[in-house]
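Chains as they are written, first to last, in this note's numbering: chain X, 1083 to 1192; chain L, 249 to 360. From the three backbone atoms N, C-alpha and C, an ideal C-beta is built for every residue, glycine too. Below: one structure, written as structure tokens.
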């Protein structure tokens, strides 16, 4: 069974601080996705990383895929209250289905 | 395009009752998925389909059934509802050769 772990589980920071959240697995995935979910809504895709070692930037968010394609990180620079939400990583099981991690719940206080 | 739609938005069932959660997409996506999300947790895959007429079990299929008679629709059937099935259910779809899953707004189900 493929599993994804995320850390930390909860994170509460002040506006303007930087943070990094992690997604780890013992399994190799063909790609890995990061989603953000707001209360009462479905997850919304932020980014997909495909190549080992790949780094993608989305404004203040930087995503990295591990060289072995087993782990990933999400770094947020100068966090804002609008970044508050549940961040989920999901591993792509070679195009068939996806495995989701338990999520990191981020709260950015003004 | 409406994207992925789910009905109902909320439902309360008594133990032992049955119901069908509806999911439809208008993007002509071949891949469709059903997930459940328990409070404060990530999503667990219940069933998925790679095209009309083809379905397969995910991580937590027990107590559920699906069918995929058309590309657009992917209903999830709960037989003999149990309190352990209290959760928020999300349907998602994805186009062939793409990575992004598009999620519906969810159905919040309570079994008492």
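Classification of residue 336/L by the beta-carbon crowding that lies within 10 angstroms, buried from 16 upward: By the beta-carbon neighbour count (other beta carbons within 10 angstroms, threshold 16), residue 336/L is buried.
Given 8 angstroms, three or more beta-carbon pairs between the region 1096-1116 of chain X and the region 1151-1160 of chain X: Contact between the region 1096-1116 of chain X and the region 1151-1160 of chain X is present, because at least three Cβ pairs lie under 8 angstroms.
Partners in chain X for residue 333/L, counting only beta-carbon separations shorter than 8 angstroms: Residues of chain X passing the Cβ test: none, with the nearest at roughly 18 angstroms.
Beta-carbon proximity list for residue 318/L, same chain, < 7 angstroms, skipping 5 on both sides: 300.
Delimiting residues of the beta strand (DSSP E) encompassing residue 1111/X: First-last for residue 1111/X: undefined, no H or E at that position.
Backbone secondary structure at residue 332/L - three-state DSSP: Residue 332/L: helix per DSSP, three-state reduction.
Contact list for residue 353/L against chain X, beta-carbon separation under 9 angstroms: The answer, in chain order, is 1122, 1123, 1124.
For residue 278/L and residue 272/L, the rounded distance between their alpha carbons: Rounded to the nearest angstrom, the two C-alpha atoms are 12 angstroms apart.
Helix, strand or coil at residue 1164/X according to DSSP, with G and I counted as helix: DSSP places residue 1164/X within a helical segment (H, G or I) once states are collapsed to three.
Rounded straight-line distance, which links the Cα of residue 309/L to that of residue 1103/X: Cα to Cα, residue 1103/X sits roughly 30 angstroms from residue 309/L.
Cβ pair count under 8 angstroms reaching 3, the region 281-294 of chain L against the region 255-267 of chain L: They do not touch, by the three-pair rule.
Contact list for residue 1115/X against chain L, beta-carbon separation under 9 angstroms: Contacts between residue 1115/X and chain L, judged by CB atoms closer than 9 angstroms, involve 347, 348, 349 in chain order.
Same chain, Cβ closer than 6 angstroms to residue 334/L, neighbours up to 5 away in sequence not counted: 358, 359.
Pick from 1111/X, 1119/X, 1108/X, 1087/X that is closest to residue 1187/X, judged by C-alpha positions: A check of alpha carbon separations from residue 1187/X across 1111/X, 1119/X, 1108/X, 1087/X identifies 1119/X as the nearest.
Closer than 7 angstroms at the beta carbon, the chain X residues around residue 312/L: Under the 7 angstroms cutoff, chain X gives no residues; its nearest Cβ is about 15 angstroms from residue 312/L.
Residue from 250/L, 289/L, 251/L whose Cα sits closest to the Cα of residue 1171/X: That would be 289/L, whose Cα lies nearest to the Cα of residue 1171/X.
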